[in-house]
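Sequences listed follow chains X and U, in order. Using this note's numbering, you'd call the opening residue of the first sequence number 520 and step up by one each time. Using this note's numbering, you'd call the opening residue of the second sequence number 2 and step up by one each time. This report refers to the structure that appears directly beneath it.
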Amino acid sequence: MLFDIANNVALQQVLATMEVTRKRIAATQTRGYIFIAAGILICFLGFVLGFPVPGVIIGLIPLIYGSVLLFKINDSLTAYRNEYKTNVIGAALKFLDESLSISPYQGIAASEFMYTQLFTQEPDRYKTEDLVTGCADRTRFYFAEVHAEYKTVTQTKNGTRTEWHDIFRGIIFAADFNKNFNGITIVRPKGFANALGAWFSKNVFSFGGNDVVKLENSDFDKTFITYGSDQVEARYILTPALMERILNLNHQTKYDISLSFIESRMYIAFPLNRNYFEAPVFKSLINAEALNNDITTIKFMYDIVKELDLNTRIWGKA
Amino acid sequence: MIIALVIIGFIFLTGIFSYNSLIGKKNQVTNAFSAIDVMLKKRFDLIPNLVEVVKQYTTYEQGTLTKIVELRAKAGAANISNAEKADLDAQLSSNVRGLMVNVENYPDLKANTNFINLQTTWTESEEQIAAARRTYNASVTDYNNSIMMFPGNLFAGMLNFHPIPVLETAAEERKNISAKELFNH
């Protein structure tokens, strides 16, 4: 464990107070769901037993009551979630490093998401929250949760159907890179589509100004495809040591990461399939399983700077 | 008759395609080499400043400094071959590296802002040269692959394309650094 949640008195007090709120919210939510379920059951029985009209009328009463309960508790739930982010996650961050702080309502703007060039598809729906900023020794960094989707509209018999597909869901991490550079270098996981695109751009013609950069680390080349506006600069950034470090970082994650290097900044996209920094409602705060997971994530992000050795500043960049 | 024409046409087109692609790759190699050249030039240009700064503080390193200046002059001379240039650069590198180690004996020099700047620029240029060399080697490998693999190998000999050797690290640089040697300077 990273720091002792069980013996941190201040944090335990906050957690104990919030646990009371959580229990109240959980109880109300459970009641709400039970009423809604009862309402639906009554309507259903009405239809089955041949009394549809009285069934619906009687069923509507608990259904509406349950919905009102859920609606009324919603504000408390939002407040509770925010308090968790600010007080609990915030305190845990300070424990890790004084410079770290979280802003629940801020994130990485859609324009910056496109600017990173990590993904080519323009999002139609974009959500971002939980911006964490800080400094690890000499390197400034920030990261936030991002969910970007695009939609497809298909014609069906009954009109049109809109479907949403993920472009990316996870955490985008940005840090000041320790070398100066002018061009763009992008490292993407070697999926089938990417591999095909790379073959085309190498052998037939290339789109845009970025060519495939063939690197000598064969493990790296098997896992990723690298594009760069300048072949020499891409190699200046991706030294043999950095390639090894990126591979190590990639081994620690479930899904392959993508990286881009633009205007002396490095971006990394970590695909994840759960929402981070969310207060649990139906699980106790006291045993702090969720909190531990969140802290592990933050620590992981914080350690990237060390892992990629971004604090070594011997290349003429202060 | 038509089949024969189609086959001849196909061979002809493949020939043109291979030829163009080989020329493209060969130019890429030349281009990559000139990138190394630019980086080397940048590094050679650091030498006078470096020598000037070091001279002010040290009295014992005159031998090394003179050697470095000589090497730089040779490297700057016109009409020297690429191989010679690479060799001079290797010698220069090892001399400067030795100098950087000896700087430990001169606390004043070590603390000099100019010197610190030069040192960072020097490490940066080392890294850039390394990157340029890797780029060159990647282009050479790409070019060599295409003249040795089918269908390039059918035309390469006829059209006078020959494999180019990749740049290798100078034996001296590849050696593990021995602390004993460093301190016996």
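Ideal Cβ placement from N, Cα and C applies to all residues, glycine included.
DSSP-derived helix/strand/coil call for residue i
i, result
"isoleucine 178 of chain U", "Per-residue confidence for isoleucine 178 of chain U stands at a pLDDT of 49, beneath the threshold of 50, marking its modelled position as unreliable; no derived number is given."
"valine 800 of chain X", "coil"
"aspartate 616 of chain X", "coil"
"threonine 65 of chain U", "helix"
"lysine 670 of chain X", "strand"
"aspartate 828 of chain X", "coil"
"proline 49 of chain U", "helix"
"aspartate 643 of chain X", "coil"
"aspartate 656 of chain X", "coil"
"tyrosine 552 of chain X", "helix"
"tyrosine 634 of chain X", "helix"
"phenylalanine 622 of chain X", "Here residue 622 of chain X is serine; the residue named in the question, phenylalanine, does not match the sequence. Serine 622 of chain X falls in the strand class under three-state DSSP."
"isoleucine 165 of chain U", "coil"
"leucine 650 of chain X", "strand"
"tyrosine 107 of chain U", "coil"
"alanine 546 of chain X", "helix"
"threonine 675 of chain X", "strand"
"alanine 133 of chain U", "helix"
"isoleucine 627 of chain X", "coil"
"histidine 186 of chain U", "Below a pLDDT of 50, predicted positions are generally treated as unreliable, and histidine 186 of chain U, at 45, falls in that range; the measurement from the model is reported next regardless. Correct three-state label for histidine 186 of chain U: coil."
"alanine 87 of chain U", "helix"
Minimum Cβ-Cβ distance from residue i to chain X less than 8 Å
i, result
"threonine 31 of chain U", "no"
"leucine 160 of chain U", "no"
"glutamine 57 of chain U", "no"
"alanine 1 of chain U", "Look at the range of chain U in this structure, 2 to 186, and you will see that residue 1 of chain U is not part of it."
"threonine 136 of chain U", "yes"
"glutamine 92 of chain U", "no"
"alanine 78 of chain U", "no"
"glutamate 187 of chain U", "Because chain U here runs from 2 to 186, residue 187 of chain U falls outside it and cannot be looked at."
"alanine 157 of chain U", "no"
"alanine 36 of chain U", "yes"
"alanine 139 of chain U", "yes"
Residue i vs residue j beta-carbon contact at 8 Å
i, j, result
"threonine 136 of chain U", "valine 751 of chain X", "yes"
"glycine 653 of chain X", "leucine 791 of chain X", "no"
"arginine 784 of chain X", "leucine 827 of chain X", "no"
"valine 141 of chain U", "valine 167 of chain U", "yes"
"leucine 72 of chain U", "leucine 93 of chain U", "yes"
"leucine 766 of chain X", "aspartate 740 of chain X", "no"
"valine 824 of chain X", "threonine 704 of chain X", "no"
"aspartate 643 of chain X", "glutamate 668 of chain X", "yes"
"tyrosine 584 of chain X", "methionine 537 of chain X", "no"
"threonine 243 of chain U", "leucine 47 of chain U", "Given that chain U is displayed from residue 2 to residue 186, the structure contains no residue 243 of chain U and the question cannot be resolved."
"threonine 124 of chain U", "leucine 100 of chain U", "no"
"leucine 596 of chain X", "isoleucine 555 of chain X", "no"
"leucine 768 of chain X", "isoleucine 776 of chain X", "yes"
"alanine 753 of chain X", "threonine 742 of chain X", "no"
"valine 651 of chain X", "leucine 612 of chain X", "yes"
"valine 706 of chain X", "leucine 778 of chain X", "yes"
"serine 147 of chain U", "lysine 43 of chain U", "no"
"leucine 534 of chain X", "valine 607 of chain X", "yes"
"tyrosine 603 of chain X", "alanine 798 of chain X", "yes"
"phenylalanine 116 of chain U", "valine 52 of chain U", "no"
"phenylalanine 614 of chain X", "isoleucine 686 of chain X", "no"
"isoleucine 627 of chain X", "isoleucine 576 of chain X", "no"
"valine 732 of chain X", "glycine 747 of chain X", "yes"
"phenylalanine 696 of chain X", "leucine 829 of chain X", "yes"
"lysine 75 of chain U", "leucine 41 of chain U", "no"
Residue-chain proximity (residue i, chain U), Cβ-Cβ < 8 Å
i, result
"arginine 754 of chain X", "yes"
"glutamate 664 of chain X", "no"
"threonine 831 of chain X", "no"
"glutamate 763 of chain X", "no"
"valine 751 of chain X", "yes"
"lysine 733 of chain X", "yes"
"threonine 758 of chain X", "yes"
"glutamine 532 of chain X", "no"
Inter-residue CB distance, residue i and residue j (contact presumed, cutoff 8 Å)
i, j, result
"isoleucine 69 of chain U", "asparagine 50 of chain U", "About 12 Å separates the two Cβ atoms, so there is no contact after all."
"phenylalanine 660 of chain X", "alanine 629 of chain X", "At roughly 20 Å, the Cβ-Cβ gap does not stay under 8 Å, so phenylalanine 660 of chain X and alanine 629 of chain X are not in contact."
"glutamate 127 of chain U", "tyrosine 755 of chain X", "That belief does not hold up - the Cβ atoms of glutamate 127 of chain U and tyrosine 755 of chain X are roughly 11 Å apart, past 8 Å."
"proline 759 of chain X", "asparagine 736 of chain X", "6 Å"
"isoleucine 561 of chain X", "glycine 574 of chain X", "6 Å"
"leucine 23 of chain U", "alanine 157 of chain U", "7 Å"
"aspartate 813 of chain X", "phenylalanine 796 of chain X", "5 Å"
"valine 800 of chain X", "glutamine 548 of chain X", "7 Å"
"asparagine 565 of chain X", "proline 571 of chain X", "As written in the sequence, residue 565 of chain X is glycine, which differs from the asparagine given in the question. So it is a contact: roughly 5 Å between Cβ atoms."
"proline 581 of chain X", "alanine 557 of chain X", "5 Å"
Note to self: Report the start-end ranges of each beta strand (DSSP E) in the segment 741–809 of chain X that is 3 residues or longer and not cut off at the edges.
What the structure shows: Counting whole runs of 3 or more residues, the segment 741–809 of chain X contains the beta strand (DSSP E) stretches 743–747, 777–781 and 784–790.
Check: If you scan the segment 556–609 of chain X from start to end, which runs of the alpha helix (DSSP H) of 4 or more residues do you find wholly inside it?
Finding: List check, alpha helix (DSSP H) in window: 571–602.
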